[in-house]
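Each remark here refers to the structure printed beneath this line.
2 protein chains.
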Amino acid sequence: MTMSETGTIETMVMDICRAAKTAAPALAHAGTRVKNAALRAMSEGLRSRAAFLMEENAKDLEAGKTRGLSAAMTDRLLLDGARIRQMADGIEEVIALPDPVGGIERMERRPNGLLVGRMRIPLGVIGIIYESRPNVTADAAALCVKSGNAVVLRGGSEAIHSNAAIAEILREALFASGLPADAVSFIPVTERAAIDAMLAQEDSIDLIIPRGGEGLIRSVAEKSRIPVIKHYKGVCHIYVDEDADVAPSVRVCVNAKAQRPGVCNAMETLLVHEAIAPAFLPKVAEAMSREGVALRGCPETVRLVPGTVPATEADWGTEYLDLILAVRVVPSMDAAMEHIRRHGSLHTEAILTRDHARAMRFLREVDSSLVLVNASTRFNDGYQLGLGAEIGISTTKIHAFGPMGLEELTTSKFVAFGDGQVRQ
Amino acid sequence: MTMSETGTIETMVMDICRAAKTAAPALAHAGTRVKNAALRAMSEGLRSRAAFLMEENAKDLEAGKTRGLSAAMTDRLLLDGARIRQMADGIEEVIALPDPVGGIERMERRPNGLLVGRMRIPLGVIGIIYESRPNVTADAAALCVKSGNAVVLRGGSEAIHSNAAIAEILREALFASGLPADAVSFIPVTERAAIDAMLAQEDSIDLIIPRGGEGLIRSVAEKSRIPVIKHYKGVCHIYVDEDADVAPSVRVCVNAKAQRPGVCNAMETLLVHEAIAPAFLPKVAEAMSREGVALRGCPETVRLVPGTVPATEADWGTEYLDLILAVRVVPSMDAAMEHIRRHGSLHTEAILTRDHARAMRFLREVDSSLVLVNASTRFNDGYQLGLGAEIGISTTKIHAFGPMGLEELTTSKFVAFGDGQVRQ
Chain A
1 MTMSETGTIE TMVMDICRAA KTAAPALAHA GTRVKNAALR AMSEGLRSRA
51 AFLMEENAKD LEAGKTRGLS AAMTDRLLLD GARIRQMADG IEEVIALPDP
101 VGGIERMERR PNGLLVGRMR IPLGVIGIIY ESRPNVTADA AALCVKSGNA
151 VVLRGGSEAI HSNAAIAEIL REALFASGLP ADAVSFIPVT ERAAIDAMLA
201 QEDSIDLIIP RGGEGLIRSV AEKSRIPVIK HYKGVCHIYV DEDADVAPSV
251 RVCVNAKAQR PGVCNAMETL LVHEAIAPAF LPKVAEAMSR EGVALRGCPE
301 TVRLVPGTVP ATEADWGTEY LDLILAVRVV PSMDAAMEHI RRHGSLHTEA
351 ILTRDHARAM RFLREVDSSL VLVNASTRFN DGYQLGLGAE IGISTTKIHA
401 FGPMGLEELT TSKFVAFGDG QVRQ
Chain B
1001 MTMSETGTIE TMVMDICRAA KTAAPALAHA GTRVKNAALR AMSEGLRSRA
1051 AFLMEENAKD LEAGKTRGLS AAMTDRLLLD GARIRQMADG IEEVIALPDP
1101 VGGIERMERR PNGLLVGRMR IPLGVIGIIY ESRPNVTADA AALCVKSGNA
1151 VVLRGGSEAI HSNAAIAEIL REALFASGLP ADAVSFIPVT ERAAIDAMLA
1201 QEDSIDLIIP RGGEGLIRSV AEKSRIPVIK HYKGVCHIYV DEDADVAPSV
1251 RVCVNAKAQR PGVCNAMETL LVHEAIAPAF LPKVAEAMSR EGVALRGCPE
1301 TVRLVPGTVP ATEADWGTEY LDLILAVRVV PSMDAAMEHI RRHGSLHTEA
1351 ILTRDHARAM RFLREVDSSL VLVNASTRFN DGYQLGLGAE IGISTTKIHA
1401 FGPMGLEELT TSKFVAFGDG QVRQ
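In order, the protein sequences belong to chains A and B.
Position one of the first sequence corresponds to residue 1 (our numbering), numbered consecutively onward.
Position one of the second sequence corresponds to residue 1001 (our numbering), numbered consecutively onward.
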């Protein structure tokens, strides 16, 4: 890329972000009925133009074949009739969610008669930087529209035709509903310079949410001058306490590891109290083995479950995203919590126990976006926790911690009703 | 400074920040009674060691004299008996505030029986970078301790002896109360390299709050790899609607401008509807003149108030922090809101009117951290809005928008109580 092309990309990205900022107030002040009508038009647009979407998607698949994309990557890229219907269904689920914007909370009368409250408002313009799956274009846009935010989307180069086609349909639907098309803006440039340019638009974009692998997220967080909500990885632990109920605990552990091993809320390390290890470990090892899970164990685990591959120091804190589980026997709950502090990722941790005091202490002291008692780590998900759809899971504590739903895409401003109050 | 000195400063700052992170869990899990006892010891320490504080403060005053510090700066630096008592009183006010940590909100039962809620928790380690006034050392530390956070303090070089002395007393009080002294950490280095080193400690510090002039805040925001809560400036507007009540509106405007002109929530620009301008402007001009306020007016203002200095384009959006007021006559509320959008700083805006519909529309559509109806802009303050003490005012929307009290120094994690739930 020449210098002047970089300059052209920067100018183009700046113009797109400014257009989104100009469109933002119209979306922020639109009522729920107007936003829902636009969402319905978006969903109908995707359904009625499925043939066009598949045509554009075919270009990406063709380019992927030329570049030798793996079968798994190609599958993630594919848009067929069923997946297009799923995207449209996803938008309709967002229509059904309550609108977080405009309500006033905690209205209180101050001693001088001033009535003070907090009104929930959109953040403004949200930038989403994502990889591969084209459905993110529709999912993210729907959540932003419903929460009154404009959005600037920058998808991966491998899905450029599919993403551009989805964005075009969504923009047409917004326009037809009387909202500005630029409230859903799309950066149609595959060069990485477009990301760098986007991350410098601090006057137009209020928040950046990267969705993808740890590499993408770290590089975005390092370069961005705009606040970034991060989710690096999920190294989730279950601690099986000395007072755990063996059979249900085995069931929860197998679910946490094996029900869907490739996702961030799957268990990666199992910590077992030494008093229960002789009774528990052989049973959980057998159940895991039936699911095809390979163990990497500490010396005590290897002793109790002969044939287990010994764990190395590198196994603690590893996010396998696979049918592999690290297992460690610990002398106490304190040791388990210390292990989590050193090797965890602040994502999801669970204790399995019948002891109330230890359950409550674990819940209070473990520093993770979701801490569970007697349930699977797989519940760290916006739908499962009752938020409706989610735009991602934050593992940093500023602004949001854990799954981010519609409310986490808003903030609140103070409002005050007076009758001539002055400060003394 | 030589390379090796820079290296030494970096190592020292890194060690201090790591020590704060190590101390953070003890503070996060301390109960309200323990934290309040520590705060009382901090307050008593300041009172009983007033002589030592004044001795150390004298060194800063002496150094300031040598460097030719202005009278205003010298006054800001001074610690006398009354100011030391004020600092101690400030800590006692924090004792009286409710502890935000540990409560669980929105506990709901999911269809599978899982009980899900959100537990309020501290952020972890907060970095405060501030200038001149030594009382910030005590104020900020007290708010962090009460909200369960460890804090790393880095004050201005002109107050280094005073700040170090205050920090020493606070640390001794923490230690005597059974909490780790490092929960209040202080960087005793005046070189700017210490700030740069602090802003790179993303593994130890969770949030940076800069307190000082716009220059300091911009430089911190640009360099930081840690999230920063910003407050650049307060260019506050009052819009006097065509249906305003003249006499009370004059009183509110004079209060907003003249009660304390040097602070961020003072009014800087007055916008007046053209229909009320002939009745309102001469009266407000007369009242302002009695308070020593000089006007800078648009052509219509100059016509209605002969002798007014004409405003230039540069006056719109200027934060005078002085007895100067920009005045503009506007043809409509839309024009006033457009002026605020272009020249405002998202800080504080007010409408003065008897018209309910316009009041509600202004409240909803103006994008500021506090929007008022019929009251002075001077109310944008943690005490006035009912938050108790404040650590600053955020004019960006991520995490907090407006005054930040104890609750804004916390976040929430999800907690879930199950009885063996697994994901289907």
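Glycine included, each C-beta is placed from N, C-alpha and C at the ideal position.
Predicted model only: the values in this text are computed from it and were never measured.
{"query": "Between V1235(B) and G1344(B), how many whole angstroms is the CB-CB distance? I'm expecting something under 8 Å.", "result": "6 Å"}
{"query": "I want to verify the contact list: residues of chain B whose CB lies under 8 Å from the CB of L385(A), in sequence order.", "result": "R1110, V1116, F1414, A1416"}
{"query": "Could you tell me which chain A residues have their CB closer than 7 Å to the CB of E1365(B), listed as they occur along the chain?", "result": "H29"}
{"query": "Quick one: any contact between the region 1307 to 1318 of chain B and the region 1199 to 1210 of chain B, if contact means 3 or more CB pairs under 8 Å?", "result": "no"}
{"query": "Please return the same chain residues whose Cβ sits closer than 7 Å to the Cβ of M1(A), not counting the five positions on each side in sequence.", "result": "For M1(A), the pLDDT reaches just 47, beneath the cut-off of 50, and the residue's location in the model is therefore unreliable, leaving the point undetermined."}
{"query": "Counting C-beta neighbours from all protein chains within 10 Å, is the total for N1112(B) 16 or more, i.e. buried, or is it exposed?", "result": "exposed"}
{"query": "Is there a Cβ of chain B sitting closer than 8 Å to that of S448(A), yes or no?", "result": "Limits of chain A in this structure are 1 at one end and 424 at the other, which puts residue 448(A) out of reach."}
{"query": "Which residue or residues does DSSP assign as beta-bridge partners of A1150(B)?", "result": "V1125(B)"}
{"query": "For the putative contact between I128(A) and A140(A), defined by C-beta atoms under 8 Å, what is the C-beta separation to the nearest angstrom?", "result": "5 Å"}
{"query": "Excluding the 5 residues flanking S157(A) on each side, which residues of the same chain have their C-beta closer than 6 Å to its C-beta?", "result": "T190"}
{"query": "Under a Cβ-count criterion, where at least 16 other Cβ atoms within 10 Å of its own Cβ denotes burial, should R1296(B) be classed as buried or exposed?", "result": "buried"}
{"query": "Starting from the beta carbon of K1397(B), find every residue of chain A whose beta carbon is closer than 7 Å, and list them in chain order.", "result": "L123, G124, D206, T411"}
{"query": "For Q426(A), count neighbouring C-beta atoms within 10 Å of its own C-beta (all shown protein chains included) and say buried if the count is 16 or more, exposed if not.", "result": "Here chain A comprises residues numbered 1 to 424, so residue 426(A) is not present and cannot be evaluated."}
{"query": "Straight-line CA distance for T74(A) to I195(A)?", "result": "23 Å"}
{"query": "Could you please give the first and the last residue of the uninterrupted beta strand (DSSP E) stretch that includes Q1421(B)?", "result": "1410 to 1421"}
{"query": "Whose C-alpha, out of E93(A), P98(A), E319(A), M119(A), is nearest the C-alpha of E105(A)?", "result": "M119(A)"}
{"query": "Taking only three categories from DSSP, how would you classify I238(A)?", "result": "strand"}
{"query": "Could you tell me the distance, in whole angstroms, from the CA atom of L1170(B) to the CA atom of Q424(A)?", "result": "33 Å"}
{"query": "In this structure, what does DSSP give as the bridge partners for M1404(B)?", "result": "G1392(B)"}
{"query": "For the pair the region 1212 to 1228 of chain B and the region 1256 to 1269 of chain B, tell me if three or more CB-CB distances fall below 8 Å.", "result": "no"}
{"query": "Taking the alpha-carbon positions, what's the L1325(B) to I1205(B) distance?", "result": "40 Å"}
{"query": "Take every Cβ of the region 1042 to 1052 of chain B, pair it with every Cβ of the region 1165 to 1185 of chain B, and state whether three or more of those distances are shorter than 8 Å.", "result": "yes"}
{"query": "Rank E1319(B), P1025(B), V1415(B) by C-alpha distance to the C-alpha of E1214(B) and give the top, closest one.", "result": "E1319(B)"}
{"query": "Looking at the C-beta of M3(A), does it have a partner C-beta in chain B at a distance below 8 Å?", "result": "Note on M3(A): pLDDT 49, under 50, position unreliable in the model; no value is reported."}
{"query": "Can you find a C-beta in chain B that's less than 8 Å from the C-beta of R378(A)?", "result": "yes"}
{"query": "Output, in chain order, the set of chain A residues within a Cβ distance shorter than 8 Å of V1305(B).", "result": "In chain order: nothing, as chain A lies at least about 22 Å away."}
{"query": "Can you give me the Cβ contacts of M3(A) inside the same chain, cut-off strictly under 6 Å, excluding the 5 residues immediately before and after it?", "result": "Model confidence at M3(A) stands at a pLDDT of 49, short of 50, so the residue's coordinates are unreliable; what they give is reported in the following sentence. Taken in chain order, the list of residues that qualify is empty."}
{"query": "Distance, Cα to Cα, A1266(B) vs S1249(B)?", "result": "15 Å"}
{"query": "With H, G and I counted as helix, E and B as strand and the rest as coil, what does DSSP make of P306(A)?", "result": "coil"}
{"query": "Suppose you measure from the CA of V1034(B) to the CA of A1173(B); what does that come to, to the nearest Å?", "result": "12 Å"}
{"query": "State the Cα-Cα distance for the pair R328(A) and V305(A), rounded to the nearest angstrom.", "result": "12 Å"}
{"query": "Which first and last residues belong to the beta strand (DSSP E) in which G1386(B) is found?", "result": "Note, G1386(B): premise wrong, no beta strand (DSSP E); not H, not E."}
{"query": "Over the uninterrupted beta strand (DSSP E) stretch that includes L372(A), give me the two end residues.", "result": "370 to 375"}
{"query": "May I ask which residues mark the beginning and end of the alpha helix (DSSP H) holding V250(A)?", "result": "246 to 258"}
{"query": "If we call anything under 8 Å between Cβ atoms a contact, is L1027(B) one with A1165(B)?", "result": "no"}
{"query": "P227(A) versus chain B: which residues are under 7 Å apart at the beta carbon?", "result": "P1227, I1398"}
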